[in-house]
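Student: For the record, the sequence lines run as chains V and P.
Residue numbers for the first sequence follow this note's numbering, beginning at 48 and rising by one.
Residue numbers for the second sequence follow this note's numbering, beginning at 306 and rising by one.
A virtual CB, placed ideally from N, CA and C, is assigned to each residue, including glycine.
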Amino acid sequence: MKKDFDSILDKCLSQIKTGEVDIESCLRQYPEYVARLRPLLETAASLWQKPQPQPRTEAVSQGEQLMLERVVEKQSSKAHRKGLVRAVGDKIGIGGGVPGRRPFLSPRWRMRWVAVVASILALFVLSGGVVAASNNSMPGELLYPVKIATEQARLVLTLSEEGKTELHITFAERRIEEIVEMGKRGEAEQVAKLAPMVAQHLEEARQVIVATGEGKTIQELKAKLEESAVQQLAVLEGAWQQATEDTKPVLTQALETSGESYGTAIEAAIVSAPAPPLVGKVGTIQIFVTDPPAPNVFAVWVEVSKIEVHLAAGPDSRWISIFDDPENPVRFNLKEIVGVEEFVCSQEVDAGTYTQLRMHITEATIVEKIDEDVFMDHDAFVPSGRLKFVRPFTIEDGEIKGLVLDFDGDRSLNVTGAGQYMLKPVVMLLVPEGKGKPEQVKFVGTLSEEEGQWFITVDGNTYILDLSEVEEVEGTLEEGARAKVKGVLEEDTILATEVEVMAAEGQGAEGQEAEEVKFEGTIKTIDGDIWTVRVEGEIKTVDVSEANITGEPAAVELQVRVEGIVSGEIILATEVEVIEED
Amino acid sequence: MRLAVYLEKAGSGILQDTQGELSDEAILIQKAKDFDSEAWAQIYRRHYPKIYAYLRYRVGDIDLAEDITANVFLHAVEGIGSFTYRGFSISAWLFRIAHNQVTDHLRRKAKVAIEPLTEELLSTEDTGQETMEGALVRAELSLALKNITEEQRQVVLLKFFAGLSNAEVARIIRKPEGAVKALQHRALASLRQILGTEEKNEERL
Numbered sequence: 048m049k050k051d052f053d054s055i056l057d058k059c060l061s062q063i064k065t066g067e068v069d070i071e072s073c074l075r076q077y078p079e080y081v082a083r084l085r086p087l088l089e090t091a092a093s094l095w096q097k098p099q100p101q102p103r104t105e106a107v108s109q110g111e112q113l114m115l116e117r118v119v120e121k122q123s124s125k126a127h128r129k130g131l132v133r134a135v136g137d138k139i140g141i142g143g144g145v146p147g148r149r150p151f152l153s154p155r156w157r158m159r160w161v162a163v164v165a166s167i168l169a170l171f172v173l174s175g176g177v178v179a180a181s182n183n184s185m186p187g188e189l190l191y192p193v194k195i196a197t198e199q200a201r202l203v204l205t206l207s208e209e210g211k212t213e214l215h216i217t218f219a220e221r222r223i224e225e226i227v228e229m230g231k232r233g234e235a236e237q238v239a240k241l242a243p244m245v246a247q248h249l250e251e252a253r254q255v256i257v258a259t260g261e262g263k264t265i266q267e268l269k270a271k272l273e274e275s276a277v278q279q280l281a282v283l284e285g286a287w288q289q290a291t292e293d294t295k296p297v298l299t300q301a302l303e304t305s306g307e308s309y310g311t312a313i314e315a316a317i318v319s320a321p322a323p324p325l326v327g328k329v330g331t332i333q334i335f336v337t338d339p340p341a342p343n344v345f346a347v348w349v350e351v352s353k354i355e356v357h358l359a360a361g362p363d364s365r366w367i368s369i370f371d372d373p374e375n376p377v378r379f380n381l382k383e384i385v386g387v388e389e390f391v392c393s394q395e396v397d398a399g400t401y402t403q404l405r406m407h408i409t410e411a412t413i414v415e416k417i418d419e420d421v422f423m424d425h426d427a428f429v430p431s432g433r434l435k436f437v438r439p440f441t442i443e444d445g446e447i448k449g450l451v452l453d454f455d456g457d458r459s460l461n462v463t464g465a466g467q468y469m470l471k472p473v474v475m476l477l478v479p480e481g482k483g484k485p486e487q488v489k490f491v492g493t494l495s496e497e498e499g500q501w502f503i504t505v506d507g508n509t510y511i512l513d514l515s516e517v518e519e520v521e522g523t524l525e526e527g528a529r530a531k532v533k534g535v536l537e538e539d540t541i542l543a544t545e546v547e548v549m550a551a552e553g554q555g556a557e558g559q560e561a562e563e564v565k566f567e568g569t570i571k572t573i574d575g576d577i578w579t580v581r582v583e584g585e586i587k588t589v590d591v592s593e594a595n596i597t598g599e600p601a602a603v604e605l606q607v608r609v610e611g612i613v614s615g616e617i618i619l620a621t622e623v624e625v626i627e628e629d
Numbered sequence: 306m307r308l309a310v311y312l313e314k315a316g317s318g319i320l321q322d323t324q325g326e327l328s329d330e331a332i333l334i335q336k337a338k339d340f341d342s343e344a345w346a347q348i349y350r351r352h353y354p355k356i357y358a359y360l361r362y363r364v365g366d367i368d369l370a371e372d373i374t375a376n377v378f379l380h381a382v383e384g385i386g387s388f389t390y391r392g393f394s395i396s397a398w399l400f401r402i403a404h405n406q407v408t409d410h411l412r413r414k415a416k417v418a419i420e421p422l423t424e425e426l427l428s429t430e431d432t433g434q435e436t437m438e439g440a441l442v443r444a445e446l447s448l449a450l451k452n453i454t455e456e457q458r459q460v461v462l463l464k465f466f467a468g469l470s471n472a473e474v475a476r477i478i479r480k481p482e483g484a485v486k487a488l489q490h491r492a493l494a495s496l497r498q499i500l501g502t503e504e505k506n507e508e509r510l
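1) How about V:M114: is its C-beta nearer than 8 Å to some C-beta of chain P?
2) Relative to the alpha-carbon of V:P296, which residue among V:R405, V:I573, V:R85 and V:I226 has its alpha-carbon at the smallest distance?
3) Can you look up V:F502 in the DSSP assignment and give me helix, strand or coil?
4) Can you grab the Cα-Cα spacing for the pair V:P373 / V:E350, in whole Å?
5) Just grab the DSSP bridge partners of V:Q606 for me.
6) Need the endpoints of the beta strand (DSSP E) that P:R413 sits in, please.
7) Taking P:K338 as the reference, which of P:A467, P:Y357, P:V382 and P:E473 has the closest Cα?
8) Any C-beta of chain P sitting closer than 8 Å to the C-beta of V:P86?
9) Can you confirm whether V:L94, when its beta carbon is compared against all beta carbons of chain P, has any partner nearer than 8 Å?
10) Against V:A82, what residues of chain P qualify as contacts under a CB-to-CB distance less than 9 Å, listed in chain order?
11) Since V:D574 sits in a beta bridge, which residues does DSSP pair it with?
12) Out of curiosity, what's the CA-to-CA distance linking V:V107 and V:L56?
13) Tell me whether the region 91-108 of chain V and the region 350-366 of chain P touch, counting them as touching only if at least three CB pairs, one residue from each stretch, are closer than 8 Å.
14) Can you confirm whether P:L496, when its beta carbon is compared against all beta carbons of chain V, has any partner nearer than 8 Å?
15) Scan the region 391-405 of chain P for residues whose Cβ lies nearer than 7 Å to a Cβ of chain V and list them as they occur along the chain.
16) In the DSSP output, which residue or residues are listed as bridge partners for V:H407?
17) With DSSP collapsed to three states, give me the class of V:A530.
18) I need the straight-line Cα distance from P:D341 to V:V118, nearest angstrom please.
19) Since V:T205 is in the alpha helix (DSSP H), which residue starts that stretch and which ends it?
20) Going by DSSP, what residues sit across from V:I586 in a beta bridge?
21) For V:E545, list the residues DSSP reports as bridge partners.
22) Tell me, please, whether the CB atom of V:D69 is closer than 8 Å to any CB atom in chain P?
23) P:K416 CB to nearest chain V CB: under 8 Å?
24) Is there a Cβ from chain V that is less than 8 Å from the Cβ of P:T432?
25) Check distances from the C-beta atoms of the region 356-372 of chain P to those of chain V and list, in chain order, the residues that come in under 7 Å.
26) Buried or exposed for V:R438, please, with buried defined as at least 16 other CB atoms from any protein chain shown within 10 angstroms of its CB.
27) Hey, does V:T65 have any beta-carbon neighbour from chain P nearer than 8 Å?
28) V:E519 to V:R608, Cα distance in whole Å?
29) Please list, in chain order, the residues of the region 99-114 of chain V that have any C-beta partner in chain P closer than 9 Å.
30) Between the region 402-416 of chain P and the region 366-376 of chain P, are three or more C-beta pairs nearer than 8 Å?
31) Using a Cβ-Cβ distance under 8 Å, would V:D397 count as near chain P?
32) Using a Cβ cut-off of 8 Å (strictly closer), state whether P:T389 contacts chain A.
33) Against chain P, does V:V119 count as a neighbour if the rule is that its beta carbon must be under 8 Å from one of theirs?
34) Have a look at V:I413 and V:D455 and give me their C-alpha separation to the nearest angstrom.
35) Quick one: which residues of the region 468-481 of chain P get their C-beta closer than 9 Å to a C-beta of chain V? List them in chain order.
36) How big is the Cα-Cα spacing for P:I453 and V:R83?
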C-alpha cells in the first residue's frame with residue numbers, strides 16, 4: 048500500500064509541476080488520501096517557490112572563461128590528438144586527475160595557461176578562502192587544481208627572478224609534502240606523478256640561478272636551497288623508510304629524483320657564487336651500512352674498496368676519498384646488518400657542501416645455507432660495481448655527520464636463469480638527521496682487557512674501546528696502563544682515532560679521575576709539542592699537541608696560561624694562551 | 306529520423322531521437338562533442354544556476370560551491386566524449402558529475418557538511434541584489450534540509466531544485482526509481498514537519 052501511495056504522490060507532483068492540475072484538483076482524484084496528500088503537496092509547492100541561491104556574476108563569468116579555455120584546448124587537441132592538452136589536464140588534475148603522462152606544459156600552452164591563470168587569480172582575489180583552503184589540498188582532491196593554478200598564478204605575477212626561484216623552491220617543497228602524504232595513503236600513482244614536478248621546479252630554480260650569475264641573492268638562494276634540501280630530503284627519507292611494497296619503488300624514484308635535482312641546483316648555485324674558502328674548517332663523515340630485513344640467503348658478503356664524496360665548491364670542487372684501500376676493502380655481511388647500522392669508516396673532510404657520494408663494490412659473495420651445517424659460497428656477479436648517489440648534505444666546522452648506505456638485500460640479489468647469483472645493489476644513501484652528532488672526545492683513562500676486547504675507564508666509567516679506526520697505537524696496549532684517547536663517544540663505545548699509551552701505572556691508577564687544571568707560568572723550554580712551564584717555582588711538563596694555542600708566538604720566558612688535564616706527570620693542554628711579558 | 310541516423314553514424318551513441326526537444330539537445334551534445342565553444346557556452350549558461358544552487362545547498366560555502374561548479378563544467382568538457390545520450394539528459398549528467406564531486410569532497414573532508422552554512426546562506430553579499438527576506442527563506446530551508454537524511458536531501462535537491470525526473474535522480478544516486486519515490490515521500494513528510502509547523506498552527510487558528 049505504501050508503495051502505491053508513493054506513486055500517487057509522485058504522479059500528483061508531476062502533474063502539478065507541469066501545470067496540468069493544481070493541488071485541489073489532484074486531491075479530488077484521490078479523495079481517500081486527501082489528508083495525507085495535502086500537507087505533502089503543499090510542502091512540495093512551497094519548495095518550488097523557494098528562491099534559489101544566486102551565483103555571483105563574476106564567478107559565473109570566470110567559470111565560463113575557464114571552461115571555454117578548456118574547450119578551445121580540446122578542440123586544438125583534436126587536430127593533433129596526442130598533443131599537449133592532456134598535459135594541461137594532468138597538470139591541474141581536475142577532480143582526481145585525468146590519466147596521462149606529461150606533467151608539464153609546453154611553452155605554447157604555458158602562454159595560454161597564463162591567461163587562464165590570470166583569470167583564475169582574479170576570481171581568487173575575490174574568494175581568498177578557497178585559495179587558503181586549497182593550500183592544504185592533496186592530489187586528487189577537489190581543491191588541488193586550485194592549489195596548482197594559484198601556484199602558477201603566483202609564478203606569473205612574481206616579476207623578480209629570485210622571487211620566482213624562491214617560489215619554485217617552495218613549490219618543490221610542497222610537492223615533496225604531497226609525495227609523503229600520497230605515500231602514506233598508498234597512492235603510488237600520484238607519487239610517480241609528483242616526483243617529476245619536484246624535479247621540474249628545482250630545474251627552473253637552477254636555470255634562474257645559472258642565468259642570474261653572481262651576487263648576494265645567489266648566496267641567499269643557495270642557503271635556501273641547502274636548507275630546503277636538508278629538510279625535505281630527510282622528510283622523504285622518513286617516508287621512504289616507512290614505505291610499503293607498493294609505494295617503495297615510486298618513493299625510491301622520488302627520493303633519487305629529488306636528491307639529484309637538489310644536488311644539481313645547489314651545485315649550480317655554488318658555481319655561480321662560490322662560497323669563501325673554509326680554510327682549516329673540517330668536519331667528519333662517517334659511513335654506516337644497513338639492510339632492511341630480508342629472508343632466503345644466509346649471508347651476503349659485500350666488499351667495498353672505495354668511497355668518495357664530492358665537495359661542491361665552485362672551482363675547488365673535487366672528489367674526496369672517505370675510504371680507499373683496494374688491498375683491504377671494507378667487508379660487510381648484508382644479513383648481519385639487517386635493522387642495524389654497521390660502521391664502515393670515518394674520515395675528516397673539509398667543511399662545506401657535498402652533493403654526491405660514490406662507492407666501488409669490488410666483490411660480493413653469497414652464502415647459501417643448504418642444510419643445518421652445510422653452507423655453500425657463491426661468487427655473485429656485480430654488473431655495475433660503481434654506485435653513485437646524488438644527495439646534497441653539508442658538513443659544518445667540527446661536525447661529525449653519519450651517512451647510511453641502506454642496502455636492500457632482497458632486491459639487490461638476483462638469481463639468473465643459470466642459477467648464478469647476481470648482485471645489483473639497490474642502495475639508498477640516507478643522511479639521517481641527528482645522526483653522526485656523537486660527541487668528539489679526548490681523554491685519558493686506564494686500559495683493561497677482557498677476551499681480546501679493550502676497555503678504557505675514565506672518571507669511573509668504563510667504555511668499550513673500538514680500535515678499528517686507529518692506524519697505529521702509540522706505545523703498547525697494556526692492562527692497567529694509562530692511555531690518551533681521541534675519538535668519538537657513542538653511548539658506551541669510544542670509536543678511537545688516536546690512542547697513545549703512556550707509561551703503565553702502578554696500583555691504584557684504575558678509576559683515577561682525570562683532573563682538570565688551569566694555571567699561569569713562564570715557558571722554560573720548548574721541545575716540539577712538549578713544553579716546560581714554571582709555576583710558582585715548580586716545573587710542569589705540558590703537552591700542547593692537542594691544544595688550541597692563541598696569543599703571541601711561543602718563546603721561552605714568555606708568560607703562558609694553560610688549561611688542560613693532568614695525566615700522570617704530564618699536563619695535556621687543551622687551551623694555551625701565550626702572553627708577552629710585561 | 307534522418308538526424309538520428311546521421312548522429313548514430315557519427316558515433317555519438319544517440320539512438321532515439323523522436324521528439325523535437327530532444328533533437329535540439331542531441332544537436333547541442335553533438336556540437337559539444339566537437340568542442341564547439343558556442344554550444345558549451347549555451348550549456349554553461351543554461352545549467353550553471355541550478356548546478357550552483359544544488360551545490361550551494363550541498364556544501365553551503367559560497368566559494369566552495371562556485372569552485373565545484375566550475376569544476377563540474379571542466380569535467381564535463383573532459384568527459385563529453387564518453388557521454389551517451391540514451392534518455393539521460395545533459396542536465397542529469399551534469400548533476401551526476403556534481404553529485405560525484407561533492408560526494409568525493411565530503412568523503413575526503415568529512416567535516417565539511419551543511420552545518421557551517423546557515424550563516425553563509427543568510428549572507429546577501431553574494432549577489433548584492435537579493436533581499437534579506439529571500440536570504441531568510443533560504444536559511445530556513447537550509448536548516449530544514451540539515452535535519453533530513455542525506456539521501457532525502459539529495460532527492461529533494463535533485464527533484465525540486467534541479468527539476469530532474471525520477472529516472473534521472475535514480476541514476477545519479479544509484480537507487481531504483483521506487484526508492485526515489487519513497488525517499489521523496491519521506492523527505493516531504495519530514496520537511497512538512499520542520500517547515501510547516503507554524504503554517505499548520507495558523508490554519509488551525
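Tutor: Let's see:
1) Your numbering for residue 114 of chain V matches position 67 in the first sequence. Closer than 8 Å to some Cβ of chain P, the Cβ of V:M114 qualifies, so yes.
2) Residue numbering aside, residue 296 of chain V sits at position 249 when the first sequence is read from its first letter. Cα-wise, what sits closest to V:P296 is V:I226.
3) Residue numbering aside, residue 502 of chain V sits at position 455 when the first sequence is read from its first letter. Residue state, collapsed to three classes: strand.
4) The sequence position of residue 373 of chain V within the first sequence is 326, counting from 1. The sequence position of residue 350 of chain V within the first sequence is 303, counting from 1. Rounded to whole angstroms, V:P373 to V:E350 spans 10 Å at the Cα level.
5) Start at 1 with the first residue of the first sequence, and residue 606 of chain V comes out as number 559. Beta-bridge pairing links V:Q606 to V:T569 and V:I626.
6) Position 108 of the second sequence holds residue 413 of chain P. That residue, P:R413, is in no beta strand (DSSP E); its alpha helix (DSSP H) goes I395 to R413.
7) Numbered from its first residue, the second sequence carries residue 338 of chain P at position 33. Closest option to P:K338, Cα to Cα, is P:V382.
8) The count along the first sequence starts at 1 and reaches residue 86 of chain V at position 39. Interface residue, yes.
9) As a first step, residue 94 of chain V must be located in the first sequence, where it is residue number 47. It does: the Cβ of V:L94 has a partner Cβ on chain P nearer than 8 Å.
10) Indexing the first sequence from 1 puts residue 82 of chain V at position 35. By Cβ distance, chain P contributes nothing, its closest Cβ being about 12 Å from V:A82, past 9 Å.
11) In the first sequence, the residue the question calls residue 574 of chain V occupies position 527. Looking at the DSSP assignment, V:D574 forms a beta bridge with V:I577.
12) Stepping through the first sequence from its first residue, residue 107 of chain V is reached at position 60. Stepping through the first sequence from its first residue, residue 56 of chain V is reached at position 9. Each residue's Cα considered, the two are about 36 Å apart.
13) yes
14) If you number the second sequence from 1, residue 496 of chain P lands on position 191. Output row for P:L496: interface = yes.
15) Shown here is that no member of the region 391-405 of chain P has a Cβ falling below 7 Å from a Cβ of chain V.
16) In the first sequence, counting from the first residue as 1, residue 407 of chain V sits at position 360. Beta-bridge pairing links V:H407 to V:K353 and V:R433.
17) Your numbering for residue 530 of chain V matches position 483 in the first sequence. When secondary structure is reduced to three states using DSSP, V:A530 falls in the strand class.
18) Position 36 of the second sequence, counting from 1, holds the residue named residue 341 of chain P. Position 71 of the first sequence, counting from 1, holds the residue named residue 118 of chain V. Approximately 7 Å between the Cα atoms of the pair.
19) Here residue 205 of chain V corresponds to residue number 158 of the first sequence, with the count starting at 1. It is not in any alpha helix (DSSP H) - V:T205 carries neither H nor E in the DSSP assignment.
20) By 1-based counting over the first sequence, the position of residue 586 of chain V is 539. Answer by DSSP bridge pairing, in chain order: V:R581.
21) What you label residue 545 of chain V is simply residue 498 of the first sequence in a count that begins at 1. Partner residues in the beta bridge of V:E545, as assigned by DSSP, are V:K533.
22) Against the first sequence, residue 69 of chain V aligns to sequence position 22. Residue contact check for V:D69 against chain P: no CB pair falls below 8 Å.
23) Position 111 of the second sequence holds residue 416 of chain P. A caution first: P:K416 carries a pLDDT of 44, below 50, which makes its placement in the model too unreliable to give a value.
24) By 1-based counting over the second sequence, the position of residue 432 of chain P is 127. Interpretation of P:T432 is limited by its pLDDT of 43, a score under 50 that renders its predicted location unreliable; the figure taken from the coordinates is listed afterwards. Yes, because at least one Cβ of chain V sits closer than 8 Å to the Cβ of P:T432.
25) Y357, A358, R361, D368, L369, E371 and D372
26) In the first sequence, counting from the first residue as 1, residue 438 of chain V sits at position 391. Flag for V:R438 reads buried.
27) In the first sequence, counting from the first residue as 1, residue 65 of chain V sits at position 18. Closer than 8 Å: no.
28) What you label residue 519 of chain V is simply residue 472 of the first sequence in a count that begins at 1. What you label residue 608 of chain V is simply residue 561 of the first sequence in a count that begins at 1. Taken atom to atom, the span from the alpha-carbon of V:E519 to that of V:R608 is near 32 Å.
29) Q99, P100, Q101, P102, R103, T104, A106, V107, Q109, G110, E111, L113 and M114
30) yes
31) By 1-based counting over the first sequence, the position of residue 397 of chain V is 350. Output row for V:D397: interface = no.
32) Of the chains in the structure shown, none is chain A; the protein chains are V and P.
33) Translated into positions along the first sequence, residue 119 of chain V becomes position 72. V:V119 counts as touching chain P.
34) Stepping through the first sequence from its first residue, residue 413 of chain V is reached at position 366. Stepping through the first sequence from its first residue, residue 455 of chain V is reached at position 408. About 15 Å.
35) If the cut-off is 9 Å between Cβ atoms, the region 468-481 of chain P has G468, S470 and N471 near chain V.
36) By one-based count along the second sequence, residue 453 of chain P stands at place 148. By one-based count along the first sequence, residue 83 of chain V stands at place 36. Cα-Cα distance, rounded: 19 Å.
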